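Step one of this worksheet: look at the structure below.
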Amino acid sequence: MLPITLLSLTAGLFATVEAVPHERRDGAPSGFVLDSPVSPTEVLPFRLALASQDFSGLEQALYSVSTPGDAQYGKHLSLEEVQKFTTPTSATMDAIASFLSAHNLTQTRLSTGKNWLNVNITAAEANTIFGANYSIYTHQETGEKVTRTLEYTIPKGLEGHVQVVHPGTTFPQHFKRSKPKLMSPALPTPMSNHSTRASLPASCNEKMTPACLLELYSIPTTLAPSQNSRLVVTSYQNQWILSSDLQQFLEMYRTDLDSSTTFTLQTTAGGQNVQVPGQIGGESTLDIQLTVGLASGIPVTFLSTGQSGLLDPIGFINSMDAILAESNPPQVVTISYGWDEDSVSPALSSTICNTFAQVGARGVTVLVASGDGGVSGGHSNASCTNNDPFIPVFPGSCPFVTAVGSTIYNNETAAFFSSGGFSNYFAVPSYQSSSPYVSNYLKTLGSTYKGRFNVSGRAFPDVATIGDFVPIVYEGTNQMEEGTSCSAPIFASVVALLNSELLAAGKSVLGFLNPLLWSGKFEGALNDVTTGSNPGCDTNGFSASAGWDPVTGFGTPNYAKMKTALGL
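Next up, the structure:
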């Protein structure tokens, strides 16, 4: 966080806009081309991230309520308690008020955490105020147009008070999930000769149905004992779900459940759920069917966040703000979206990551897919070669979320696509520096890949589950999915069911999971994955190994053992 500079602010100071450089990039990212300048009179919706008065205090409170053995463990914060940390200082609010007055601007909204301000500004004014050159860029593959600048400044007088201006230098991404694969009756060659766990039928190596997953991870099929445990599936990019697909999925794969079991729709920032075939999202379909199909009896909410077909990281702010505002927020949130860490500016990444800390302090477990590109992130080997640094994936690299990697096959080997490694933006969090797991892995790794990753960065993923040959029903047809997007909702289902048992026993929910995971409390309760690697950048990537590793984390869940470890 930048230090807050107390200034004597006047309208005259802001009228003569003195500024300091804040963020810049050399050019538009691959896939975007400059189209034209923005009309000077076009009104642009801006978001300003304001400095919180005591984020370090919030971080400490988050760790206190999330660390076993701490006197505050399980005593999650109320919204008002979170706001005491996140509300800007009076000096910041005075600076903002003077800035708005000087330019005859009016804020349109203040976020629930009171640290994001919405304001509409014409392009001409924005270029002057922020020393920018806002232009229209076209995404070549989709044809969608976005307004961005390659650099901007913070007006002198707002230094230390405004952390990020959005839209700024971070472009949205085309998060393109491949269309689900039509299910083939033929047994896939890579799996056909692979050994299986004795307790599972061989068919589970061909198709990892809910029945296979329930058996593999010892997940109960009985209904959750408490209906107060809720699970939220987040959605962006106009990813919608057909309710009829869910019903068909349950009829095929969970015949013991009522096929009319459904989800609750929640919308924010213009989100919706259009029931029109041809406009349905494979990502949302996968996440809803897995959570409803595995977390038996857990109320599932589909949180649809309005957004164009391109994935803008501000969507995370919108969805987390909606969750933060709830008087009784959900206990678990699963997110199956991400970007290469270097495609989101450090300042914007930090403010988004801090928003996850806010919901974590309220007792919400946020599980995020670690990514599907191995150590290459979203890059191909053509753009990440033998001498390039490995590419972490955000928000899995954020220390305030639980990142979920992938395994394959019944005997669970690390999935080759499972992204993991070490953040270049976020330092090693205290729950990792105080445990031996990362240092043990680095000792084993030795000088391999020296200089290609940040040994001082947040290590991820934290855990893993199956991420391949997962069946869904998509627009009425049987399809197959793969990726860490399968893994996050599977682990989320496990956490939601554990929370239900904790609530039924009169105990607090798990909340932010990482301090518990890294404390060693679940050692022996997770299935350690010791084979496989996540290749990329013309290397074999990191290897799975005993204990924690940057491919599968601490491993996959064993529900029965995790329940015992929690004293249930």
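When you line the sequence shown up against our numbering, it's residues 32 to 599, in that order.
The C-beta atom is built at its ideal place from N, Cα and C for all residues, glycine as well.
Note that this is a predicted model, so its numbers are computed, not measured.
Between the Cα of residue i and those of the options, spot the shortest distance and give me the residue it belongs to.
i: ALA458; options: GLY451, GLU443 and ASN485; result: ASN485
i: GLY488; options: SER274, PHE421, MET511 and GLN510; result: PHE421
i: ASN135; options: THR479, ILE152 and VAL424; result: ILE152
i: THR117; options: GLY105, PHE202, THR386 and VAL74; result: THR386
i: ILE127; options: HIS107, GLN91, HIS192 and LYS481; result: HIS192
i: SER67; options: THR475, TYR168 and THR365; result: TYR168
i: LEU317; options: LEU476, TYR248, PRO360 and PRO502; result: PRO502
i: SER230; options: TYR248, LEU528 and LEU341; result: TYR248
i: GLN297; options: ILE250, GLY409 and ILE354; result: ILE354
i: VAL69; options: ALA163, TYR267 and GLY100; result: ALA163
i: THR562; options: ALA300, SER576, GLY551 and ALA591; result: SER576
Could you please give me the residues that DSSP links to residue i through a beta bridge?
i: GLN278; result: Bridge partners of GLN278: none, in fact.
i: TRP370; result: PHE425
i: ASP580; result: GLY584
i: PRO361; result: Per DSSP, none; premise fails for PRO361.
i: TYR168; result: LEU65 and VAL177
i: ARG55; result: GLU182
i: LEU528; result: Paired residues: none, contrary to the question.
i: ARG140; result: ASN149
i: PRO76; result: ASN151
i: GLY452; result: PHE491
i: GLY301; result: None; GLY301 has no bridge partner.
i: ALA400; result: VAL435
i: ALA445; result: THR438
i: GLN338; result: Per DSSP, none; premise fails for GLN338.
Could you check if residue i is buried or exposed, using at least 16 other CB atoms within 10 Å of its CB as the buried criterion?
i: SER260; result: buried
i: THR286; result: exposed
i: PHE585; result: buried
i: ASP343; result: buried
i: VAL504; result: buried
i: THR139; result: exposed
i: LEU541; result: buried
i: GLU172; result: exposed
i: THR479; result: exposed
i: ASN441; result: buried
i: SER142; result: buried
i: ALA495; result: buried
i: ASN417; result: exposed
i: ASN359; result: exposed
i: PRO71; result: exposed
i: PRO221; result: No answer about PRO221 holds up, because its pLDDT of 40 lies below 50 and its placement is not dependable.
i: LEU597; result: buried
i: SER223; result: Confidence at SER223 is low in this model, with a pLDDT of 38, below 50, so the placement of that residue should be treated as unreliable; the coordinate-derived value is given next. The residue is exposed, with fewer than 16 neighbouring Cβ atoms inside 10 Å.
i: ASP289; result: exposed
i: GLY302; result: buried
i: GLU314; result: buried
i: THR587; result: buried
i: SER209; result: At SER209 the pLDDT is 49, less than 50, meaning the model places this residue with poor confidence and gives no usable figure here.
Checking 8 Å against the spacing of the C-beta atoms, do residue i and residue j come in under that value?
i: ASN545; j: GLN362; result: no
i: ALA80; j: ASN146; result: yes
i: TYR368; j: PHE206; result: yes
i: PRO119; j: GLN84; result: yes
i: SER428; j: PHE333; result: no
i: THR201; j: VAL424; result: no
i: ILE439; j: GLY514; result: no
i: PHE77; j: VAL196; result: yes
i: LEU131; j: VAL150; result: yes
i: ILE319; j: VAL305; result: no
i: GLY482; j: SER450; result: no
i: TYR267; j: GLN338; result: yes
i: THR293; j: LEU277; result: yes
i: LEU547; j: ASN589; result: no
i: ASN340; j: ASN269; result: Going by the sequence as given, residue 340 is Gly instead of Asn. Contact flag set, yes.
i: GLU372; j: SER381; result: no
i: GLY452; j: VAL406; result: yes
i: PHE500; j: MET239; result: yes
i: THR295; j: THR365; result: no
i: PRO430; j: ILE383; result: no
Quick check: is the beta carbon of residue i nearer than 8 Å to any beta carbon in chain D?
i: GLY572; result: Among the chains of the structure shown, chain D does not appear; only one protein chain is present.
Any heavy atom of the ligand FMN closer than 7 Å to the Cβ of residue i?
i: HIS107; result: Questions concerning the ligand FMN fall outside what the structure shown contains, since it holds no ligand whatsoever.
Original post:
Are the segment 520-532 and the segment 315-326 touching, with three or more C-beta to C-beta distances below 8 Å?
Top reply: Contact between the segment 520-532 and the segment 315-326 is present, because at least three Cβ pairs lie under 8 Å.
Original post:
On the three-pair Cβ rule with 8 Å, is the segment 344-351 touching the segment 308-315?
Top reply: The answer is no - the segment 308-315 does not touch the segment 344-351, with fewer than three Cβ pairs under 8 Å.
Original post:
Looking at C-beta atoms only, is the number of pairs between the segment 421-437 and the segment 464-475 that lie closer than 8 Å three or more?
Top reply: With the cut-off at 8 Å, the segment 421-437 and the segment 464-475 do not touch.
Original post:
Would the segment 528-546 and the segment 504-519 be scored as touching if the rule is three or more Cβ pairs under 8 Å?
Top reply: The segment 528-546 is not in contact with the segment 504-519.
**OP:** Examine the Cβ distances between the segment 376-394 and the segment 93-104 and report whether three or more of them are shorter than 8 Å.
**Re:** A contact exists between the segment 376-394 and the segment 93-104.
Subject >> Cβ pair count under 8 Å reaching 3, the segment 444-451 against the segment 575-584 >> reply: Here the segment 444-451 makes contact with the segment 575-584; the two share three or more CB pairs at distances below 8 Å.
**OP:** Evaluate the contact criterion for the segment 173-187 versus the segment 106-115: three or more CB pairs, one atom per stretch, below 8 Å.
**Re:** In short, these stretches do not touch, since the Cβ pair count stays below three.
Original post:
Can you find at least 3 beta carbon pairs, one from the segment 57-64 and one from the segment 153-165, that sit closer than 8 Å?
Top reply: Contact between the segment 57-64 and the segment 153-165 is not established, with fewer than three Cβ pairs separated by less than 8 Å.
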